[in-house]
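Enquirer: Protein sequences appear in the order of chains C and E.
For the first sequence, our numbering assigns the number 1293 to the last residue and increments by one with no breaks.
For the second sequence, our numbering assigns the number 1558 to the last residue and increments by one with no breaks.
We put the beta carbon where it would ideally sit given N, CA and C, even for glycine.
None of these values were measured; they are calculated from a predicted model.
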Amino acid sequence: MLEPVYSPAFKKHPLQWIQINLFYDWFSSVMTLLVGYLLVSFLPALIDWIFISADWFGSSREDCSGEGACWVFIGARFDQFIYGFYPPEEYWRVNLATVLLIALMVPLFFENFTKKAWLIAFLLIGYPVIAKILFAGGVFGLEQVDTEQWGGLMLTLIIATVGIIASLPIGILVALGRRSEMPIIRWLCVSFIEVMRGVPLITILFMASVMLPLFMPEGVSFDKLMRAMIGITLFQAAYMAEVIRGGLQAIPKGQYEAADSLGLNYFQKMGFIILPQALKLVIPGIVNTFIALFKDTSLILIIGLFELSGIMKAALNDPDWLGFAIEGYLFAALIYWIFCFGMSRYSMRVEAKLNTGHR
Amino acid sequence: MKNPQRNPINTYWNDPVFRGRVFQAVMLIAVIAFFASIVSNTLHNLEVRGISSGFGFLNEEAGFGILQSLIEYNETHTYGRTFVVGILNTLLVSALGIVLATIVGFLIGIGRLSNNWLISRLAAVYIETFRNIPLLLQIFFWYFAVLGVLPHPRQSISWGESVFLNVRGLFIPDPQFGEGVGFVVASFFIAIVAIWFIKRWADKRMNDTGQTFPVFYTSLALLIGLPVLAFFVSGTTLVWVMPELKGFNFKGGITIIPELTALLFALTIYTAAFIAEIVRAGIQAVPKGQLEASRALGLKNGQMLRLVVIPQAMRVIIPPLTSQYLNLTKNSSLATAIGYPDLVSIFAGTTLNQSGQAIEIILMVMAVYLTISLVISLFMNIYNKRMALVER
């Protein structure tokens, strides 16, 4: 058998590559030189500040020389950034819940694991109960930890997970309602979507924190965290509904008619024929909504909950650690970035895998 | 049919129209009952807490100062006035943000498609970095980490003794025109009218004879030239009021508070990352055949961009661009986290805390944002209809 041979065009000399990609014409050359100059003059100083001159080890601000970044601050407060004000002797409960979640999710990534549906059902129904017991305690001899003590990255992830899991089904229902032939249902769904999308999340959170207590009968009160979760979930559900509606509209009419002529009822038609196709089409939009939700969790610091951004802001006001705002915010930004970027890359992979080439 | 003599209840239940009506009625009753219980609970709770409802509080004296106001405002003005001041500040930061984010976003989006590897990589890094970090964190970064460490007023950074930058803000000279400024303003509008006529004439001439006319450069010259000419001819005086250090801070001139700068920076950089992606997608949506066709017609690069690519790309770009503008306007409410006096910060913050009228205030604030949203999407829909492809 012959060895595969690339056509000559693929064998580009490095100099040729540089000529085409950096110095194609005079404009490109000027831009390359200009941007190159800026990079050369700033990048080394930045790398030096972040890595080389930075101080990594120690326990107080005296360990920082001041020449580079002071990562000692992050190290000293690391537990707080992750767990908030959770009692340190109970950290194992949060860790256990996390390890359990990861262990349960690993099989989902294996192609030849067949009981995925059962596992997903357990993840959606069984796991939240276990996690709630572990986090809040108060039963089985676990010490009770109030939600006010939850904080940091842990709280960010709890709100984001609950929001993501809850906003998808609500969004699907509202999107179906908006496309429904029943005028009252459609009208209700349109109003919900337009109101939620027309106002900033902050006003919804303000409403949840200031007005919700007034709406409840006397004696009934929601926990602050619960109110924030309801606010964020409903807000993103409206955006989710619009994304999914886009997918529903993109499905050809013939599919609806074919399902009808097979004698499927509404839920069979939607569940087996329309939604699987529609959701697949709008995966990027759905994941973008998830990412938006993840970023929006930072807003709950405005109503006084200390998730990652909130706890960072509080830590930076500590008189012992004044003046490390850049380090603090860079660290928080990096954590958010890893999660959001990871989600967007994962969605690209799923999209590529599910792409059956019909489009 | 298995059972021709069906039970009447089953007949009704199998009729989708009947079923639909029952379902809708149940939903409607449930929603009405839900809202009715909310209203009755609220009225009861308000009574128990002794809070009076109504909009009478809008006429009461506010008694607090506001950092930045576009209209005259002091402590003796009413709560109603704080509402207007808040709206104007929200509109100011949104309008500035929209203009800046559009410019930066289009530049980055075009850069993303550049055939220069360095530029397109940098644009990609910009987009992937800034859209994956929460806006609130970016606002904090600019406000606390960058602007918060600027020197105190006495050690201000200054350029030519007229522009000063310190922790209290950016201070720039304030231009004061003398009499005759009306001529300058009028000449500006005359220039706009003239450009409209020139454009019409140039289009007609191009359609008739095929000759082109440099409308863009003529317009630019008119827009700048006419007002400058009017300024010298009318003999208007121009006095710059310089900011001066008095006591602990600068007086005179125009002050741009750091809250506004930080918010504007963060909103611009964050939204520009999204706009850049929209612009890239829009330009890529123009089929390659269109470019080849315009090359075959002998259009130059600039003409191809202006006459073929941009009009077609704009069709794809405008709808998502509108929703980014709306997002920016709504996101400007994050101002409350750093104390820029926008609608949410002043009215749903200070005014609410002082007056205690939570329900009225939150509803008013929501109504304002809803109105802005609906008005912008209305205008954009009209524009979109005009731009849309006219098909047979």
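Could you work out which residues of chain B lie near E/A1503, taking near to mean beta carbons separated by less than 7 Å?
Expert: Of the chains in the structure shown, none is chain B; the protein chains are C and E.
Enquirer: What three-state label does DSSP hand E/S1324 in the structure shown?
Expert: Note: E/S1324 maps to strand in three-state DSSP.
Enquirer: Using beta-carbon positions only, say whether C/I1127 and C/V1108 come within less than 8 Å of one another.
Expert: In contact: C/I1127 and C/V1108 (Cβ atoms closer than 8 Å).
Enquirer: Please list the terminal residues of the continuous alpha helix (DSSP H) segment that includes E/W1362.
Expert: Its alpha helix (DSSP H) spans residues V1347 to T1375.
Enquirer: For a contact meaning CB atoms closer than 9 Å, what does E/A1514 contact in chain C?
Expert: In chain order: I1136, T1137, F1140 and V1144.
Enquirer: Alpha carbons only, please: which of C/E1001, C/Y1020 and C/R995 is nearest the one belonging to C/G1009?
Expert: It is C/R995 whose Cα lies nearest to the Cα of C/G1009.
Enquirer: Note down, in chain order, each residue of its chain lying with its Cβ closer than 7 Å to the Cβ of C/R1293, except the 5 sequence neighbours on either side.
Expert: At C/R1293, the pLDDT of 44 sits below 50, so the modelled position is not reliable and the matter cannot be decided from this model.
Enquirer: With DSSP run on the structure shown, which of helix, strand or coil describes C/P1021?
Expert: Looking at C/P1021 - three-state DSSP - the assignment turns out to be coil, as it is neither helix nor strand.
Enquirer: Would you mind working out which of E/E1425, E/G1468 and E/R1481 sits nearest E/D1508, comparing C-alpha positions?
Expert: Among E/E1425, E/G1468 and E/R1481, the Cα nearest to that of E/D1508 is on E/E1425.
Enquirer: Would you kindly check if the distance between the Cβ of E/T1434 and the Cβ of E/G1263 is under 8 Å?
Expert: For E/G1263 and E/T1434, yes; Cβs fall inside 8 Å.
Enquirer: Using C-beta distances below 8 Å, list every residue in its chain close to E/R1297, excluding the 5 sequence neighbours before and after it, in chain order.
Expert: For E/R1297, where only same-chain residues beyond five positions count, the Cβ hits under 8 Å are Y1436, A1439, F1440 and E1443.
Enquirer: Does any residue of chain C bring its CB to less than 8 Å from the CB of E/N1547?
Expert: By this cut-off, E/N1547 is not an interface position.
Enquirer: So, using beta-carbon positions, are C/T1167 and C/I1104 closer together than 8 Å?
Expert: Contact flag set, yes.
Enquirer: Could you tell me which whole beta strand (DSSP E) segments of length 3 or greater appear in the region 1406–1443 of chain E?
Expert: With a minimum length of 3 residues, the continuous beta strand (DSSP E) runs that stay inside the region 1406–1443 of chain E are 1410–1412, 1415–1417 and 1420–1422.
Enquirer: Can you list, in chain order, the residues of the region 1220–1236 of chain C whose Cβ is nearer than 9 Å to any Cβ on chain E?
Expert: From the region 1220–1236 of chain C, only I1225, F1228, K1229, D1230, T1231, S1232, L1233, L1235 and I1236 have a Cβ closer than 9 Å to chain E.
Enquirer: Would you tell me roughly how many angstroms separate the C-alpha atoms of E/F1349 and C/W983, rounded to the nearest one?
Expert: Near 55 Å, if we compare the C-alpha coordinates of C/W983 and E/F1349.
Enquirer: So, with DSSP's three-state summary, where would you put E/E1526?
Expert: The answer is helix: DSSP assigns E/E1526 an H, G or I state.
Enquirer: E/L1212 touches chain C at which residues, Cβ-Cβ below 8 Å?
Expert: Those within 8 Å of E/L1212 in chain C are L1148.
Enquirer: Tell me the DSSP secondary structure of E/V1183 in three-state form.
Expert: Three-state result, E/V1183: helix.
Enquirer: Please classify E/Q1523 as buried or exposed, where buried requires at least 16 neighbouring CB atoms within 10 angstroms.
Expert: Classification for E/Q1523: buried.
Enquirer: Ends of the beta strand (DSSP E) at C/G1111?
Expert: No beta strand (DSSP E) contains C/G1111, which is instead part of the alpha helix (DSSP H) from G1086 to R1112.
Enquirer: What would DSSP say about E/N1332, mapped onto helix, strand or coil?
Expert: Here E/N1332 sits in strand by DSSP.
Enquirer: Excluding the five sequence neighbours on either side, which residues of its own chain have a C-beta within less than 7 Å of the C-beta of C/L1053, listed in chain order?
Expert: Same-chain partners within the cutoff: L1038, P1041 and L1042.
Enquirer: Output the boundary residues of the beta strand (DSSP E) element that contains C/Q1083.
Expert: Unbroken run through C/Q1083: none, as it is neither H nor E.
Enquirer: Which of the three DSSP states is assigned to E/P1341 in this structure?
Expert: In the structure shown, E/P1341 sits in a strand (DSSP, three-state: E or B).
Enquirer: Name the residues in the region 1033–1065 of chain C whose C-beta lies less than 8 Å from a C-beta of chain E; which are they?
Expert: For the region 1033–1065 of chain C, which is checked against every Cβ of chain E, not one residue is closer than 8 Å.
Enquirer: Can you pull the chain E residues whose beta carbon is under 7 Å from the beta carbon of C/A1031, in chain order?
Expert: Chain E residues near C/A1031: none, gap ~24 Å exceeds 7 Å.
Enquirer: Does DSSP classify E/L1404 as helix, strand or coil?
Expert: It is a strand residue.
Enquirer: C/Y1270: buried (16+ other C-beta within 10 angstroms of its C-beta) or exposed?
Expert: Buried, because 16 or more other Cβ atoms sit within 10 Å of the Cβ of C/Y1270.
Enquirer: Measure the beta-carbon distance from E/H1318 to E/V1333 and round it to whole angstroms, keeping in mind my assumption that it falls under 8 Å.
Expert: Indeed they touch by this definition, with Cβ atoms about 6 Å apart.
Enquirer: Just to make sure I have the definition right: I need the residues of chain E whose C-beta is within less than 9 Å of the C-beta of C/P1351. Which are they?
Expert: Any property of residue 1351 of chain C remains undetermined from this structure, which presents chain C solely from 935 to 1293.
Enquirer: Between which residues of its own chain and C/L1235 is the CB-CB distance below 8 Å, once the five residues before and five after are set aside?
Expert: Cβ within range, chain order: E1241, S1243, G1244 and K1247.
Enquirer: To the nearest whole angstrom, what separates the beta carbons of C/M1088 and C/G1181, a pair I think is in contact under 8 Å?
Expert: Actually they do not touch by this definition, with Cβ atoms about 33 Å apart.
Enquirer: Contact between the region 1173–1190 of chain C and the region 1117–1131 of chain C: three or more CB pairs below 8 Å?
Expert: In short, these stretches touch, since the Cβ pair count reaches three.
Enquirer: Can you look up C/C885 in the DSSP assignment and give me helix, strand or coil?
Expert: Look at the range of chain C in this structure, 935 to 1293, and you will see that residue 885 of chain C is not part of it.
Enquirer: Measuring only between beta-carbons, confirm whether E/E1294 sits less than 8 Å from chain C.
Expert: Judged by the 8 Å Cβ criterion, E/E1294 is in contact with chain C.
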